[in-house]
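In the working numbering, the protein residues as written are 783 to 1125.
Structure follows, in structure tokens:
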């Protein structure tokens, strides 16, 4: 869908700071691409969300088109010839790790784009590797182990309760009410379920009892971190299960969480993991106030808060940063980075 709004109420783009033409790329979603219903449902409305974003871009006086990240993407981009791309693709052919091919194609076409590059995207699809990078730099993560089979030996130094999660997925895929495991029998059952269903490694964390904080990052001349405590109505330990995230999202509430030490660690993680423009990082905080980074997410679900209920945008909105202002900052940052050869 191509949007063009030339009403008098538009914000006139500054030729030097905002693009004149933007292409929004979204995931090409077909049920047959996805191994499970959960994976499909997490992206089923990608086209709708992309067009929700496009309407806001058009109101800024920018010509915009929404395109699927499919086999025809390259030809359509070359024909449209945008100044930049807003990359909202989460998977290619239903595979999240193939999402790194999108920035790769855009690099070949020499089109500036928002979000992580190929390296940042690839890192973001391997939680174990992200843990190792963060831990080596002094950013705290839970004690953990990566397993490839439900029969793998469990490190005896790990202390229950344990929390197994898919190594390659975000969006609370595979997270359910039984994800906190209090003994080996529960852990083995959960490992069998995850590995049999999703056929990928599982990262086992020592579960951090306490509160959950999620921090949204918006890059710019001064990179900003906006953190909130997330509470789940009727949830166990405020864990965001798949159902809570995608079906019962109104049961979640947020309150501002201010801590300069946390912000410093979040900025460090953002840089270490090669995120760009924006990102969101989930953190557990124990009773002693210690932080444990559990889920760094480059290119998190993005869209206007009222229409999409995207956590990232809802957090910024709480801090007085409107969706229009978020778009403006991302566009300016992307074009500035391209001008200086930083992407």
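Just so you know, even glycine gets a beta-carbon here, dropped at the ideal spot from N, CA and C.
Bear in mind the structure is a predicted one, so any value in this text is a computation, not a measurement.
Beta-carbon contacts of residue i that lie in its chain and below 7 Å, excluding the five residues immediately before and after
i            : result
residue 965  : 942
residue 790  : Confidence is the limiting factor: at residue 790 the pLDDT is only 35, short of 50, which leaves the residue's position unreliable, though a coordinate-based value still follows. Answer for residue 790: no residue qualifies.
residue 973  : 929, 932, 946, 984
residue 821  : 876, 955
residue 1039 : 995, 1009, 1010, 1011
residue 975  : none
residue 802  : 795, 844, 845, 865
residue 970  : 932
residue 1100 : 1010, 1036, 1038
Per-residue burial, residue i [other beta carbons within 10 Å of its own, 16 or more giving buried]
i            : result
residue 819  : exposed
residue 796  : With a pLDDT of only 43 at residue 796, under 50, the local geometry of the prediction cannot be trusted, and the value read off the model is given with reservation. It is exposed - the Cβ of residue 796 has fewer than 16 other Cβ atoms within 10 Å.
residue 1016 : exposed
residue 1102 : exposed
residue 909  : buried
residue 1012 : buried
residue 920  : exposed
residue 855  : buried
residue 1107 : exposed
residue 793  : Here the model assigns residue 793 a pLDDT of 37, short of 50, so the residue's position is not dependable, and the following value carries that caveat. So residue 793 ends up on the exposed side.
residue 1090 : buried
residue 788  : With a pLDDT of 39 at residue 788, under the threshold of 50, the modelled position of this residue cannot be trusted; read the value that follows with caution. That one is exposed.
residue 786  : In this predicted model, residue 786 has a pLDDT of only 43, less than 50, meaning its place in the structure is not dependable; the value taken from the coordinates is given anyway. The residue in question, residue 786, is exposed, as its Cβ has fewer than 16 Cβ neighbours within 10 Å.
residue 1071 : exposed
residue 1092 : buried
residue 799  : exposed
residue 1062 : buried
residue 938  : exposed
residue 1029 : exposed
residue 1037 : exposed
residue 872  : buried
residue 813  : exposed
residue 1035 : exposed
residue 1042 : exposed
residue 987  : buried
residue 874  : buried
residue 839  : buried
Beta bridge counterpart(s) of residue i as assigned by DSSP
i            : result
residue 1058 : 1060
residue 1065 : 995, 1075
residue 1043 : None, per the DSSP bridge assignment.
residue 1034 : 1014
residue 927  : 986
residue 947  : 985
residue 1109 : Looking at the DSSP assignment, residue 1109 forms no beta bridge with any residue, so it has no partner.
residue 1080 : 1061
residue 804  : 846, 866
residue 877  : 874
residue 837  : None; residue 837 has no bridge partner.
residue 1026 : Looking at the DSSP assignment, residue 1026 forms no beta bridge with any residue, so it has no partner.
residue 1000 : 1006, 1060
residue 816  : BP columns for residue 816 are empty, so no partner.
residue 963  : 944
residue 895  : 867
6 Å Cβ shell around residue i - same chain, five flanking residues per side excluded
i            : result
residue 745  : Any answer about residue 745 is impossible in this case: the structure gives the chain only from 783 up to 1125.
residue 1057 : 898, 902, 1080
residue 953  : 824
residue 915  : 1054
residue 907  : 878, 879, 950
residue 1064 : 996, 1076, 1077
residue 936  : none
residue 1115 : 1001, 1002, 1059
residue 852  : 810
Integer Cβ distance of residue i from residue j, believed to fall under 8 Å
i            : j            : result
residue 1045 : residue 1009 : 7 Å
residue 1007 : residue 1049 : 6 Å
Beta-carbon contacts of residue i that lie in its chain and below 8 Å, excluding the five residues immediately before and after
i            : result
residue 817  : 876, 979, 980, 981
residue 1033 : 1014, 1015, 1016, 1017, 1026
residue 887  : 855, 856
| said: For the segment 1103-1114 against the segment 994-1009, do three or more pairs of beta-carbon atoms, one drawn from each stretch, fall closer than 8 Å, so that the two count as touching? | reply: yes
| Can at least three beta-carbon pairs, one atom from the segment 952-969 and one from the segment 1017-1026, be found at a separation below 8 Å? | yes
| When the Cβ atoms of the segment 1062-1077 are set against those of the segment 915-927, are three or more pairs found closer than 8 Å? | yes
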